[in-house]
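Chains as they are written, first to last, in this note's numbering: chain A, 121 to 452; chain B, 140 to 397.
Quick reminder that beta carbons are idealized off the backbone N, C-alpha and C, glycines included.
No experiment lies behind these values; they were computed from the predicted model shown.
Below you'll find the structure, written out as C-alpha cells, and then a few comments.
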Amino acid sequence: MHTLKENYQLVLAFATVLAMPLFMQSGLLAAEVLIFAMAVLGCNLLLGFTGLLSFGQGIFFGMGSYALGIMLVKLNMPLILVLPLTILVGVVSAVFVGWFSIRQRSVYFVLLTLAFAQMFYFLAYTMTDLTGGDNGLLGVPRPPLSVFGIELLPLESSWQFYSFVATCFLLVFWFLQRITTSVFGRTLLAIRDNEIRAGAVGYDVRGFKLAVFAISGGVTALAGGLLAMMAGIAPLSSIEYHTSEMILVMTIIGGTSNLFASLLGAGFYVLSADWLSSIWPRWLLLLGVLLMLISLYMQQGLWGVLEKLWHAVHRRRRREPAISATESEQQS
Amino acid sequence: MNGTTGPILRAKGVIKRFGKFAAVQGVDLSVAPNTIHSVIGPNGAGKTTLFHTLTGTLAASAGTIEFDGIDVTRLADHQRVRKGIARSFQVTSLFPTLSVRENLRLAAQGTHRMRLSDSWLPPTGSRSCEEVVSGILERLDLVRTAEIPAGTLSHGQQRRLEVGMALAARPKAIFLDEPTSGMGVDDIDAMKSLIHGLRRDHTVVLIEHNMGIVMDISDTVTVMQLGQVLVEGPPEMIRNDERVRAAYLGNMITGGAA
Numbered sequence: 121m122h123t124l125k126e127n128y129q130l131v132l133a134f135a136t137v138l139a140m141p142l143f144m145q146s147g148l149l150a151a152e153v154l155i156f157a158m159a160v161l162g163c164n165l166l167l168g169f170t171g172l173l174s175f176g177q178g179i180f181f182g183m184g185s186y187a188l189g190i191m192l193v194k195l196n197m198p199l200i201l202v203l204p205l206t207i208l209v210g211v212v213s214a215v216f217v218g219w220f221s222i223r224q225r226s227v228y229f230v231l232l233t234l235a236f237a238q239m240f241y242f243l244a245y246t247m248t249d250l251t252g253g254d255n256g257l258l259g260v261p262r263p264p265l266s267v268f269g270i271e272l273l274p275l276e277s278s279w280q281f282y283s284f285v286a287t288c289f290l291l292v293f294w295f296l297q298r299i300t301t302s303v304f305g306r307t308l309l310a311i312r313d314n315e316i317r318a319g320a321v322g323y324d325v326r327g328f329k330l331a332v333f334a335i336s337g338g339v340t341a342l343a344g345g346l347l348a349m350m351a352g353i354a355p356l357s358s359i360e361y362h363t364s365e366m367i368l369v370m371t372i373i374g375g376t377s378n379l380f381a382s383l384l385g386a387g388f389y390v391l392s393a394d395w396l397s398s399i400w401p402r403w404l405l406l407l408g409v410l411l412m413l414i415s416l417y418m419q420q421g422l423w424g425v426l427e428k429l430w431h432a433v434h435r436r437r438r439r440e441p442a443i444s445a446t447e448s449e450q451q452s
Numbered sequence: 140m141n142g143t144t145g146p147i148l149r150a151k152g153v154i155k156r157f158g159k160f161a162a163v164q165g166v167d168l169s170v171a172p173n174t175i176h177s178v179i180g181p182n183g184a185g186k187t188t189l190f191h192t193l194t195g196t197l198a199a200s201a202g203t204i205e206f207d208g209i210d211v212t213r214l215a216d217h218q219r220v221r222k223g224i225a226r227s228f229q230v231t232s233l234f235p236t237l238s239v240r241e242n243l244r245l246a247a248q249g250t251h252r253m254r255l256s257d258s259w260l261p262p263t264g265s266r267s268c269e270e271v272v273s274g275i276l277e278r279l280d281l282v283r284t285a286e287i288p289a290g291t292l293s294h295g296q297q298r299r300l301e302v303g304m305a306l307a308a309r310p311k312a313i314f315l316d317e318p319t320s321g322m323g324v325d326d327i328d329a330m331k332s333l334i335h336g337l338r339r340d341h342t343v344v345l346i347e348h349n350m351g352i353v354m355d356i357s358d359t360v361t362v363m364q365l366g367q368v369l370v371e372g373p374p375e376m377i378r379n380d381e382r383v384r385a386a387y388l389g390n391m392i393t394g395g396a397a
C-alpha cells in the first residue's frame, strides 16, 4: 500500500499506456502522444522542479531527430546503439547551451535559451549536407530493434512501434520519478524555491542546474529521435523555435506540479490538435483561449483541475459517516 | 588546528564596491572563537554588505578573509558553508513551499558529506539527517509545525527557522543578520536566549538593531559607520563612547527598548 502511494504516478502512466490501444484507432497517434509526453517530462523537470523557463527545448528535440536520422540513414548503425547515442547528443548539446545560459537568472536566462534556439535553427538550416536543410532529412527508416543479430522487436506496424515507444516512455518516466524523489531531486525543489538560500546552505546551484539541464536534454533528444522514426523524416521544423514553444505550452497545460501532469498536457494537446485541425484549420485560436484561462484561473493546469475534483468528491464521501473513520488518514 | 587563542575569523582591508559606490571601505575584523561578536551601526553603515562578503553571498572587491586558518576570500558561498561558515538572512529566506522539516533537512544535507551515487536515492535513513533536524526542531520549538510548509509559519516562527537553517549546517561560526527583525516582544526574549545559548558550541557574529540584546549578550561590539569601523570594544566601552553616541544621535545606544 505504501509503495503504491509513492508510485501512483508511475501506475497512472502505466495504466494510460495500456489503455490507449483500447480507445484509439491510430497507433501512430498514440505513439505521438507518448513521444511528446516524453519531451514534456524533460521540460517539466526544468520548469516545475527547478523553476527554469527554457525556450531551448526545441534545440534538444531537433538535435535528437537529426542525430538519430543521420545515424540511421547515413551511417546505417544498429538501432540499439543509435538510441543511447541520440540521448548522448541531447546531453552534450544541453550541457553546451546550459553552460552559458545558467550563468544568468530569470529574464536573461530565458533570452539566452531563446537565442540558442535561433542559432541552432539556422545551423540546421545551413548545414544542408547533414540535415537536408529546408526539406528535412528524408527517409528515416524504422529498423527492428535487435541485439547481436537477434531481433527483439520489429517496428514496422504502427502498434509495434507504439509498444516500442511505450517501453521507452515508461523507462524514462520511471527514471525521472526516481530522480525527482531522490536527494538530488529534492535539492532541485529547494533551488526552485530559493536559489540564494540553496547556495547559502551549501549547494552548488550552477552545478545542479547544469546536471538537470543535461538530463532534460537527453530525455528531449530521445523524444525527438523517436518522432523522426515515427514520421520517417527529421524535418527542419523539429528544431524550430515553434517546437520549443509547443513543448512549453503542453507542459503548462498539463501542470508542473508532478510528472503525470506532463502526460496529460501532451495527450490533451496532441489529441485536440488532431481532432480540431480536421474540423477547423484555425483551431490554434482556441488553444490561445485555453492558455489564457489556465494563466488566469488554473495555474496548476489540467492536473490541478483533476486534483480539485478528486478532493471535492473525496470530501463528500468523507461526510458519509461509515467511511470517515477509516479513510481520514488518506486525505493528505 | 589553529589553536584556541587566535581569532577564528580574520578579515583584512575588505572592500565592496557597487559600481563607483563603496558600501564597505576597508574593514578589518577579528573574531575570537566561542564569543558573540556584534556588528552595529546606523542604517546604511554597510553591515549587511560586510556580512555578504564574509559569508560569500557576494565576492569582496578587495581584501582578504581568513577563516579557521584557511583563506576563503575566493570561495563561493556554498564552499564556505563547508568550511564552517553558516548564515541567516535579514529578510527571511526559506524554501517556502517545502515543509519545515524538509527545510532543515536540506540545510543539514548541504554540508553533509555524501557519495555522489547516494544522491540518486531518496532522503531516508542515514541520508535524512534525522538527528540534526529533530534536535533543531526541538531547540527552536518548531516540533509541532514540522510538517507544514515553511511559508505558512508565523513571522516569529519563520525568524526562528531562519536561524535554524544556519544551525543545521553545524557550523563553526554562525552569522546572524538581524535575527529579531520585525519580531514581537515575547519572541525577542526567546531569540535572545537562543543566541546566547549558541555561544557554547559556535562562534556567533551578529548584526542587530536591538541594543538590549547587543549590550546584554555580546563579548565584543564593532560599530560601523559609512562603510568603515568606527570603534570596537566590549559593550560597556561602546555604551560610553562619544563617537558612537554621535553616530546614533545619542538616543538609541543607552539600551533597553530599540
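Proximity below 8 Å, CB of residue i to CB of residue j
i: G208 (chain B); j: A150 (chain B); result: no
i: L368 (chain A); j: F175 (chain A); result: yes
i: F388 (chain A); j: L422 (chain A); result: yes
i: R317 (chain A); j: S258 (chain B); result: no
i: E378 (chain B); j: M363 (chain B); result: Here residue 378 (chain B) turns out to be Arg, not Glu, going by the sequence shown. Cβ atoms of R378 (chain B) and M363 (chain B): not closer than 8 Å.
i: A214 (chain A); j: S336 (chain A); result: yes
i: I179 (chain B); j: T342 (chain B); result: no
i: L300 (chain B); j: L333 (chain B); result: no
i: Q420 (chain A); j: S377 (chain A); result: yes
i: A308 (chain B); j: V321 (chain A); result: yes
i: V153 (chain B); j: V163 (chain B); result: yes
i: A150 (chain A); j: M144 (chain A); result: yes
i: D316 (chain B); j: Q229 (chain B); result: yes
i: I155 (chain A); j: L346 (chain A); result: yes
i: M418 (chain A); j: V425 (chain A); result: yes
i: I175 (chain B); j: D358 (chain B); result: yes
Strand pairing of residue i, partner residues [DSSP]
i: A318 (chain A); result: Answer is none; A318 (chain A) lacks a bridge partner.
i: P288 (chain B); result: B:S238
i: S266 (chain A); result: A:E271
i: H176 (chain B); result: B:V344, B:T359
i: T203 (chain B); result: B:K151
i: E371 (chain B); result: B:T361
i: R156 (chain B); result: B:A161
i: D210 (chain B); result: B:E205
i: A225 (chain B); result: B:I313
i: A354 (chain A); result: A:L257
i: L168 (chain B); result: B:A150
Option in the options with minimal Cα separation from residue i
i: L342 (chain A); options: A:R317, A:A320, A:G421, A:L201; result: A:L201
i: F314 (chain B); options: B:N182, B:P146, B:G165, B:L189; result: B:L189
i: M304 (chain B); options: B:L245, B:T192, B:K222, B:R156; result: B:L245
i: G178 (chain A); options: A:E360, A:M197, A:D313; result: A:E360
i: V272 (chain B); options: B:L193, B:H251, B:A162; result: B:H251
i: V220 (chain B); options: A:G252, A:D324, A:T233; result: A:D324
i: A225 (chain B); options: B:K311, B:Y387, B:N242, B:S357; result: B:K311
i: S177 (chain B); options: B:I356, B:D380, B:Y387, B:T212; result: B:I356
i: S461 (chain A); options: A:G375, A:M239, A:N314; result: The requested residue 461 (chain A) is not part of the displayed model; chain A covers only 121 to 452.
Chain-order list of residues whose beta-carbon lies under 7 Å from that of residue i (same chain, five-residue window excluded)
i: A445 (chain A); result: Because A445 (chain A) sits at a pLDDT of 44, beneath the cut-off of 50, its placement in the model cannot be relied upon, and the following sentence gives the value as read from the coordinates. If we look at A445 (chain A) and ignore the five residues flanking it on each side, it has no Cβ neighbours.
i: D210 (chain B); result: T203
i: P274 (chain A); result: P264, Q280
i: T194 (chain B); result: D216, R219, I224, R226, F314
i: T136 (chain A); result: L383
i: D394 (chain A); result: L149
i: F220 (chain A); result: L232
i: A442 (chain A); result: Confidence at A442 (chain A) is low in this model, with a pLDDT of 48, below 50, so its placement is unreliable and the value that follows should be read with caution. Taken in chain order, the list of residues that qualify is empty.
i: L130 (chain A); result: F293, W294, Q297
6 Å CB neighbourhood of residue i in its chain, flanking five on each side removed
i: A348 (chain A); result: S185, L188, G189, V260, A354
i: I299 (chain A); result: G305
i: W403 (chain A); result: L396, S397
i: E449 (chain A); result: Legend: pLDDT at E449 (chain A) = 44, less than 50; position of this residue unreliable, value from coordinates given subsequently. Cβ within range, chain order: n/a, list empty.
i: R262 (chain A); result: L275, M349
Beta-carbon contacts of residue i that lie in its chain and below 8 Å, excluding the five residues immediately before and after
i: K329 (chain A); result: T170, L172, G218, I222, I311
i: G395 (chain B); result: Residue placement at G395 (chain B) is poorly supported in this model, since its pLDDT is 41, which falls under 50; the coordinates still yield a value, given next. Closer than 8 Å at the Cβ level, and outside the excluded window around G395 (chain B), lie M350, G351.
i: V383 (chain B); result: V362, L369, V370, I377, I392
i: L138 (chain A); result: none
i: G290 (chain B); result: L233, P235, T236
| task | Return the residues of the region 286-308 of chain A that lie within a Cβ-Cβ distance of less than 8 Å from chain D, sorted by chain order. | result | Absent from the structure: chain D. Protein chains present are A and B.
| message | So within the region 169-193 of chain A, which uninterrupted alpha helix (DSSP H) runs reach at least 4 residues, ignoring any that extend past its ends? | response | Segments of the alpha helix (DSSP H) lying fully in the region 169-193 of chain A: 177-193.
| query | Can you give, in chain order, each stretch of the alpha helix (DSSP H) that sits fully within the region 253-317 of chain B and has at least 4 residues? | reply | Runs of alpha helix (DSSP H) with 4 or more residues, each lying fully within the region 253-317 of chain B, are found at 269-278, 294-306, listed in chain order.
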